[in-house]
Amino acid sequence: MKASERFRNLLSGKPVDRLPVIEWAPWWKLTVERWLSEGLPKNAAATVGSLQEYFGLDRCLQLSVKNRTKNTPKEPARGAGIITDEHDYEKILPTLFPDVGTVVTEERIELLHRQHEDGKTLHFLTVEGAFWYPRVLFGIENHLYSFYDYPDLYRRICNEYADWLIELFRYLLPRFQFDFMSFAEDMSYNNGPMISKQLFDEFLAPFYKKVIPVIHEYGVPVFIDSDGDITLALDWYASVGADGMFPLERRAGVDVSVYLDKQPQMAFLGHFDKMCMKHGEAAMRAEFERLLPSMHRGKFIPSCDHQTPPDVSIENYFTYVKLLREYAELVTHKDTEIAPCPVFSENRREKI
Amino acid sequence: MSILNEISEKLQRGRAKEVSVLVEQALAENYSPADILNQGLIAGMNEVGEKFRRNEVFVPEVLVAARAMNAGLKILRPALISSGVKPLGKAIICTVKGDMHDIGKNLVKMMIEGQGIECIDLGVDVGPEQVVCAVRETGAKLVCLSALLTTTMTGQKEIIDALVAAGLRDRVKVMVGGAPITQQFADEIGADCYAPDAASAAIAARAFFEE
Ligand code: B12
Numbered sequence: 000m001k002a003s004e005r006f007r008n009l010l011s012g013k014p015v016d017r018l019p020v021i022e023w024a025p026w027w028k029l030t031v032e033r034w035l036s037e038g039l040p041k042n043a044a045a046t047v048g049s050l051q052e053y054f055g056l057d058r059c060l061q062l063s064v065k066n067r068t069k070n071t072p073k074e075p076a077r078g079a080g081i082i083t084d085e086h087d088y089e090k091i092l093p094t095l096f097p098d099v100g101t102v103v104t105e106e107r108i109e110l111l112h113r114q115h116e117d118g119k120t121l122h123f124l125t126v127e128g129a130f131w132y133p134r135v136l137f138g139i140e141n142h143l144y145s146f147y148d149y150p151d152l153y154r155r156i157c158n159e160y161a162d163w164l165i166e167l168f169r170y171l172l173p174r175f176q177f178d179f180m181s182f183a184e185d186m187s188y189n190n191g192p193m194i195s196k197q198l199f200d201e202f203l204a205p206f207y208k209k210v211i212p213v214i215h216e217y218g219v220p221v222f223i224d225s226d227g228d229i230t231l232a233l234d235w236y237a238s239v240g241a242d243g244m245f246p247l248e249r250r251a252g253v254d255v256s257v258y259l260d261k262q263p264q265m266a267f268l269g270h271f272d273k274m275c276m277k278h279g280e281a282a283m284r285a286e287f288e289r290l291l292p293s294m295h296r297g298k299f300i301p302s303c304d305h306q307t308p309p310d311v312s313i314e315n316y317f318t319y320v321k322l323l324r325e326y327a328e329l330v331t332h333k334d335t336e337i338a339p340c341p342v343f344s345e346n347r348r349e350k351i
Numbered sequence: 000m001s002i003l004n005e006i007s008e009k010l011q012r013g014r015a016k017e018v019s020v021l022v023e024q025a026l027a028e029n030y031s032p033a034d035i036l037n038q039g040l041i042a043g044m045n046e047v048g049e050k051f052r053r054n055e056v057f058v059p060e061v062l063v064a065a066r067a068m069n070a071g072l073k074i075l076r077p078a079l080i081s082s083g084v085k086p087l088g089k090a091i092i093c094t095v096k097g098d099m100h101d102i103g104k105n106l107v108k109m110m111i112e113g114q115g116i117e118c119i120d121l122g123v124d125v126g127p128e129q130v131v132c133a134v135r136e137t138g139a140k141l142v143c144l145s146a147l148l149t150t151t152m153t154g155q156k157e158i159i160d161a162l163v164a165a166g167l168r169d170r171v172k173v174m175v176g177g178a179p180i181t182q183q184f185a186d187e188i189g190a191d192c193y194a195p196d197a198a199s200a201a202i203a204a205r206a207f208f209e210e
């Protein structure tokens, strides 16, 4: 089965030959440095794709799209913003939103097609979400105040960003069939979401309700990428039509079986507790055993719940990939009844 | 509703200007500065902390409430000083070496200040020498250390070890926290206290100074 067909079948609730064996995140620099000192060949560490190949993972390549240009002011310090108020925003506005044809050029699109031809590669597109994007403009701390200090500006920022994204999707998605896409959010932490449902509904939901249907028109499933405990936020993102979430950080208290109960139409990626990897094969096997019943329920792809930490030796990482493959091969969904993701549901198709 | 309750209410809703006006009014009506602080501002901040712990309010609400508290304190401070009301104590807070995460640290700082404790913020990426110096210079009795990464959490132990080596360990209490930190880890590295969230951290800090 080709990688794209396997992924699509999985999210449509159809049988598969096995689960994908993927890492969605690029590796943590410190971890790669450690592995280089333990014998990882330099050329294998050259790109995310070469690392995936070296470790025997299925290829899963990400295309991140920039919404700013080289003329957009740089943040004055890490985490600091580039705007305070509407006046500042209007000043930088002409520097935002590059021409969609230049962000992803025809050559780049051709390259995507060539990479995809091997039938072994998954491609996903990543853009910033309605929590992350304003955070870059306002800066980490002011962003959190901005819901109260500049509510109209927040809404305007998201609305204009959504318009640009729609233009981008209408240009890009007919030219290349991504297997899925993700919105980078990181709006949660160990104790839950950073914002309330009320703020989500008021500021984030209109953005998602505007862009997700457009992405769905092209048959692309939409994942939300948020660290931390997203148990509450899961329902909020479900309410705006998201198809899936990752990485379901275990140490933040996430339990995927609860998610499968709560939102059975959604797909989940991640959730393998990266903190157990340093303890070796027995600990990792125990972690896979914990996940296996949920894997059998459908639309759950186990994968590291964020970047592998630098305390994991290259030997342990090889063991992890070996076990990931072993467990992925146990799941075929032949005799299981599984709800499709919203993008592949009959309901949606009828609506079109 | 009494004016002190009103201060607490407005503070909880992050209404900085209204809190300032009410504090001025309360002073004009001869409420004692200590009562305005404890039954108005601190009472309000305690409510916010409790609600934050129960996920009834979230990070932005805590931030705007803390800002309202500061606005009120600014008006109240001269009266507090002239009536001899002192801060409950002095604390130092920072995120440890190699670590840039500071949203949690900032919340802990605000909540601790919300208890009437002076809190000196050394920022992020802070190593043992800086903490030792700051303890010497300020005479702070509480050191609060935040770490968000498994690669930097050992920085908390390095700071505790440096305090021991500098002969300062008996003079300060050390409180640790951050996403990867657990009670067990805090015990292992010889910290005095661990708190899982900013509200619990503030309660523990108050308890230290009231001991
Ligand atoms: C936002 C975020 C970032 C932002 C930080 C912005 C900033 N200025 O703070 C950015 C994007 C910059 C970032 C960068 C990185 N991050 Co980061 N980040 C997060 C995220 C999503 C949320 C953290 C947060 O802000 N929480 C909100 C606050 C309110 O919560 P909190 O900090 O936990 O604080 C609460 C309690 O812990 C406690 N507390 C906090 N401090 C203290 C102190 C004391 C004394 C006490 C008592 C209590 C206490 O009270 C607080 C409030 O109740 C977490 C996910 C998570 N699960 O936490 C990942 C996370 C911490 N990051 C992670 C990683 C890997 C990174 C990077 C290394 C990524 C990379 N490869 O570049 C870099 C590291 C940069 C550096 N050198 O520090 C990993 C760490 C994994 C690990 N092995 O340790 C996490 C867990 C994500 C994950 N899914 O694995 N990150």
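Quick note, the sequences are listed as chains A and B, same order.
In terms of numbering that gives the first Met the number 0, the first sequence has 134 at position 135, counting the first letter as 1, and numbering is strictly consecutive.
In terms of numbering that gives the first Met the number 0, the second sequence has 84 at position 85, counting the first letter as 1, and numbering is strictly consecutive.
Positions of the beta carbon are idealized from the N, C-alpha and C atoms, including for glycine.
Can we count residue 318 of chain A as close to the ligand B12, meaning its CB is less than 7 Å from some heavy atom?
Incorrect: residue 318 of chain A has no Cβ contact closer than 7 Å to the ligand B12.
Identify which residue in B/113, B/210 and B/205 has its Cα closest to the Cα of residue 70 of chain B.
Looking at the Cα atoms, B/113 is the closest of the given residues.
Can you find a C-beta in chain B that's less than 8 Å from the C-beta of residue 36 of chain A?
No - not a single Cβ of chain B is within 8 Å of the one on residue 36 of chain A.
According to DSSP, is residue 351 of chain A part of a helix, a strand, or is it coil?
Model confidence at residue 351 of chain A stands at a pLDDT of 47, short of 50, so the residue's coordinates are unreliable; what they give is reported in the following sentence. Looking at residue 351 of chain A - three-state DSSP - the assignment turns out to be coil, as it is neither helix nor strand.
Along the beta strand (DSSP E) that carries residue 301 of chain A, what are the first and last residues, could you check?
Segment 299 to 303, the beta strand (DSSP E) holding residue 301 of chain A.
What did DSSP end up calling residue 334 of chain A once you bin it into helix, strand or coil?
Note: residue 334 of chain A maps to coil in three-state DSSP.
What number of angstroms, rounded off, separates the C-alpha of residue 249 of chain B from the C-alpha of residue 277 of chain A?
No information on residue 249 of chain B is available, as it lies outside the stretch 0 to 210 that chain B covers here.
Can we count residue 266 of chain A as close to the ligand B12, meaning its CB is less than 7 Å from some heavy atom?
No, the ligand B12 has no heavy atom inside 7 Å of this Cβ.
Do residue 180 of chain A and residue 125 of chain A have their beta-carbon atoms positioned less than 8 Å apart in this structure?
In contact: residue 125 of chain A and residue 180 of chain A (Cβ atoms closer than 8 Å).
In whole angstroms, give me the CA-to-CA distance for residue 162 of chain A and residue 216 of chain A.
Computed Cα separation, rounded: 16 Å.
Could you tell me if the beta carbon of residue 96 of chain B falls within a distance shorter than 7 Å of some heavy atom in the ligand B12?
Outside the cutoff, so no.
Check for me: the alpha helix (DSSP H) holding residue 47 of chain A runs from which residue to which?
Per DSSP, residue 47 of chain A belongs to the alpha helix (DSSP H) from 47 to 54.
Would you say residue 351 of chain A reaches chain B, if we count a Cβ-Cβ gap shorter than 8 Å as a contact?
Because residue 351 of chain A carries a pLDDT of 47, less than 50, the predicted location of this residue cannot be relied on, and the following value inherits that uncertainty. Judged by the 8 Å Cβ criterion, residue 351 of chain A is not in contact with chain B.
For the segment 168 to 202 of chain A, which residues have a CB atom closer than 8 Å to at least one CB atom of chain B, in sequence order?
Taking 8 Å as the Cβ-Cβ cut-off against chain B, the residues of the segment 168 to 202 of chain A that qualify are 188, 189, 190, 191, 192, 193, 194, 195 and 198.
Any heavy atom of the ligand B12 closer than 7 Å to the CB of residue 16 of chain B?
No, the Cβ of residue 16 of chain B stays beyond 7 Å of every heavy atom of the ligand B12.
Any heavy atom of the ligand B12 within a distance shorter than 7 Å of the CB on residue 106 of chain B?
Yes, since a heavy atom of the ligand B12 falls inside the 7 Å radius drawn around the Cβ of residue 106 of chain B.
Give the DSSP-derived three-state secondary structure of residue 173 of chain A in the structure shown.
Looking at residue 173 of chain A - three-state DSSP - the assignment turns out to be coil, as it is neither helix nor strand.
Looking at C-alpha atoms only, which residue of A/62, A/192 and A/212 is the closest neighbour of residue 169 of chain A?
Checking every option, the nearest Cα to that of residue 169 of chain A belongs to A/212.
Using 10 angstroms around the beta-carbon of residue 188 of chain B, count the other beta-carbons present and answer buried if the total reaches 16, otherwise exposed.
Answer is buried; the Cβ neighbour count reaches 16.
Measure from the C-beta of residue 52 of chain A to each C-beta in chain B and report whether the shortest distance is under 8 Å.
No - not a single Cβ of chain B is within 8 Å of the one on residue 52 of chain A.
Would residue 205 of chain A pass as an interface residue toward chain B - the criterion being a Cβ-Cβ separation below 8 Å?
No, residue 205 of chain A lies away from the interface with chain B (no Cβ there is under 8 Å from its Cβ).
Relative to the C-alpha of residue 26 of chain A, which residue among A/112, A/51 and A/80 is closest?
It is A/51 whose Cα lies nearest to the Cα of residue 26 of chain A.
Closer than 6 Å by C-beta to residue 206 of chain A: which residues in its own chain qualify, once you throw out the five before and the five after it? Chain order, please.
If we look at residue 206 of chain A and ignore the five residues flanking it on each side, its Cβ neighbours are 129, 157 and 161.
Does the beta-carbon of residue 282 of chain A, which I'm using as the reference point, lie nearer than 7 Å to any heavy atom of the ligand B12?
Checking every heavy atom of the ligand B12 against the Cβ of residue 282 of chain A, none is found closer than 7 Å.
Could you compute how far the alpha carbon of residue 143 of chain A sits from the alpha carbon of residue 41 of chain A?
One C-alpha to the other measures close to 41 Å.
Does any residue of chain B bring its CB to less than 8 Å from the CB of residue 6 of chain A?
Chain B, which has no Cβ nearer than 8 Å to the Cβ of residue 6 of chain A, makes this no.
Quick check on the DSSP output: what are the complete alpha helix (DSSP H) runs of length 4 or more inside the segment 133 to 215 of chain A, in order along the chain?
Counting only runs of 4 or more, we get 139 to 148 and 150 to 171.
By the criterion of Cβ-Cβ separation under 7 Å, what are the contact partners of residue 57 of chain B in chain A?
Those are 192, 193, 194 and 195, listed as they occur along chain A.
Within the same chain, show all residues whose beta-carbon is closer than 8 Å to that of residue 351 of chain A, passing over the 5 residues directly before and after it, in chain order.
Note that residue 351 of chain A scores a pLDDT of 47, beneath 50, so its modelled location is shaky and nothing firm can be said.
Is residue 29 of chain B buried or exposed, if buried means 16 or more other CB atoms sit within 10 Å of its CB?
Residue 29 of chain B should be labelled exposed.
Taking 8 Å as the cut-off, does the segment 55 to 62 of chain B touch the segment 82 to 99 of chain B (at least 3 CB pairs, one atom from each stretch)?
No, the segment 82 to 99 of chain B does not touch the segment 55 to 62 of chain B.
Can you find a CB in chain A that lies within less than 8 Å of the CB of residue 105 of chain B?
So yes, residue 105 of chain B belongs to the interface.
Please return the same chain residues whose Cβ sits closer than 6 Å to the Cβ of residue 209 of chain B, not counting the five positions on each side in sequence.
Answer for residue 209 of chain B: no residue qualifies.
Which bits of chain A does residue 196 of chain B rub up against, with CB to CB less than 8 Å?
Simply 190.
Are residue 79 of chain B and residue 32 of chain B close, meaning C-beta to C-beta below 8 Å?
The answer is yes: Cβ separation under 8 Å.
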